[in-house]
Amino acid sequence: MADAAENDVVIDVHRGVGRILLNRPKALNALTTGMVAAIDRALVAWEGTPLSAVVFAGSGAKAFCAGGDIRTIREYSLAGDADASERFFATEYRLNARIAAYPVPIVSLIDGVCMGGGLGLSVHGAFRVVTEKAVLAMPETGIGFFPDIGASYFLPRLPGAIGMYLGLTGHRLDAADALYTGLATHFVAGDSLDAVADALADNPGDPVDVVLNRLAGCSPVAGSGLAKVRGEVDWAFGAPVLGEIEKRLHHLGTPWAVAALTALEAASPQSLEITHALLARGRQHTLRQCLDTELALTRTVIRTPDFLEGVRAALVDKDRSPAWRRAADDARTQPT
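Counting from 1, position 89 in the sequence shown corresponds to residue 89 in full-length UniProt numbering; the numbering is continuous, with no gaps.
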């Protein structure tokens, strides 16, 4: 994980557009330390060049980026290699911050799965294009972790209590939901996605938003399932404490509420407590402060039994039956 294989990231500049292709399709383009470092170096090198845009994309038909290579992080924890884990998260969060402040418009082409670290690459940039195959989520509570990569900054800034709902349950958004929440900015049909970089190159003087709107098909936002339950989401997940969220979901008893309760019951209790506290504080902090808090949390959380067990159940043995600890959380894992 320390070094990217030669072709794990393909980086070039073509006709004034920087292009970064994640190229691990068999691993759903999951990020390694080497890949993240290579992307960061490219962005640093391009800062002084006259680019009209930078385009991020994923290879293969299944994913933009499924996140960080969290299975390897578990291996580091089991081996006691704290330095390797620190390098990964510190490098990733540095890249997230650079993307957020980058002087050139960054356009992410989200076709397929975009989770965890994939959102870290895309959501901090100005433009997030989704196709009909897009699936966005922050599923970390289901593996004994917490929404990171700046999620404690951007989730609390989504409308109403949507961010708390997504962070606690790991609910998967389709293209319509992503556009409704603002996690996506444009919709382009999958068979037109390859034209985006060329269109940006052909029209370097036009605003990126205008170029993307020319390519956009009929927006599916009117079909957002999340929009239909927005009132329930805001009432239930706007509660001040976890226990009250669960009580309100029980009170509602609707199919959506039952599904949300089921997701909470399947998640790590430790992760739910950490995530709720992290997101409750995030609205009042800057992105840099949020990333610093998240980095500090990783140092303890990745050594906890829930993290080791959650990744085992989801990604190693794949039995999907984690045995969570139900005892009170260690105070050292709480955000400050």
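Glycine is no exception: its CB is placed at the ideal position from the N, C-alpha and C atoms.
Taking the beta strand (DSSP E) that residue i falls in, what are its first and last residues?
i	result
Met164	Here Met164 belongs to no beta strand (DSSP E); instead the alpha helix (DSSP H) covers Ile162 to Thr169.
Val10	Val9 to His14
Val129	Phe127 to Val130
Leu136	Val135 to Ala137
Ser108	Ile106 to Ile110
Gly58	Ala53 to Gly58
Ala63	Ala63 to Cys65
Leu22	Val17 to Leu22
Taking C-alpha atoms, which residue in the options lies nearest to residue i?
i	options	result
Asn29	Thr49, Asn7 and Gly48	Asn7
Glu86	His171, Val17, Ala216 and Val301	Val301
Val104	Ala82, Phe127 and Ala175	Phe127
Glu132	Phe154, Leu95 and Leu109	Leu109
Pro25	Val36, Ala61 and Ala101	Ala61
Asp12	Ala27, Thr49 and Pro305	Thr49
Arg214	Pro220, Lys228, Arg230 and Ser192	Ser192
Phe56	Arg326, Gly80, Asp83 and Cys114	Cys114
Phe307	His285, Leu291 and Pro269	Pro269
Ile99	Asp40, Arg248, Arg281 and Leu291	Asp40
Please state whether DSSP places residue i in a helix, a strand or coil.
i	result
Gly205	coil
Ala323	coil
Met115	strand
Ala184	coil
Gly48	coil
Ala314	helix
Arg74	helix
Leu31	strand
Leu173	strand
Cys290	helix
Ser122	helix
Gly144	coil
Ala331	Its pLDDT being 40, under 50, Ala331 is placed unreliably by the model, and the measurement read from it follows with that caveat. Reduced to three states, the DSSP call for Ala331 is helix.
Sort out for me which residues DSSP pairs residue i with in a bridge.
i	result
Arg299	Per DSSP, none; premise fails for Arg299.
Val211	The partner list for Val211 (beta bridge, DSSP) is empty, contrary to what the question assumes.
Gly68	Leu31
Please report the residue range of the alpha helix (DSSP H) in which residue i lies.
i	result
Leu95	Ala82 to Ala101
Asn268	Rather than Asn, the amino acid found at residue 268 in this sequence is Ser. From DSSP, Ser268 is part of no alpha helix (DSSP H); its letter is neither H nor E.
Val151	The sequence shown places Ala at residue 151, not Val. Segment Ala151 to Phe154, the alpha helix (DSSP H) holding Ala151.
Arg242	Contrary to the premise, residue 242 reads as Leu rather than Arg in this sequence. Counting along the chain, the alpha helix (DSSP H) containing Leu242 begins and ends at Leu242 to Leu252.
Lys228	Gly225 to Lys228
Query raised in the report: Counting Cβ pairs, one atom from each stretch, are 3 or more of them under 8 Å apart for the stretch 233 to 245 and the stretch 137 to 150?
Result: no
Query raised in the report: Within the chosen definition, does the stretch 176 to 196 reach the stretch 212 to 224 through at least 3 CB pairs nearer than 8 Å?
Result: As far as the Cβ criterion goes, the stretch 176 to 196 touches the stretch 212 to 224, which means the pair count is three or higher.
Query raised in the report: Touching or not, the stretch 73 to 85 and the stretch 17 to 25, by the rule of three or more beta carbon pairs under 8 Å?
Result: Too few Cβ pairs lie closer than 8 Å, so no.
Query - Given 8 Å, three or more beta-carbon pairs between the stretch 119 to 126 and the stretch 251 to 265 - result: No, because fewer than three Cβ pairs between the stretch 119 to 126 and the stretch 251 to 265 fall closer than 8 Å, the two stretches do not touch.
Query raised in the report: When the Cβ atoms of the stretch 61 to 70 are set against those of the stretch 268 to 279, are three or more pairs found closer than 8 Å?
Result: no
Query raised in the report: Looking at C-beta atoms only, is the number of pairs between the stretch 198 to 216 and the stretch 159 to 167 that lie closer than 8 Å three or more?
Result: no
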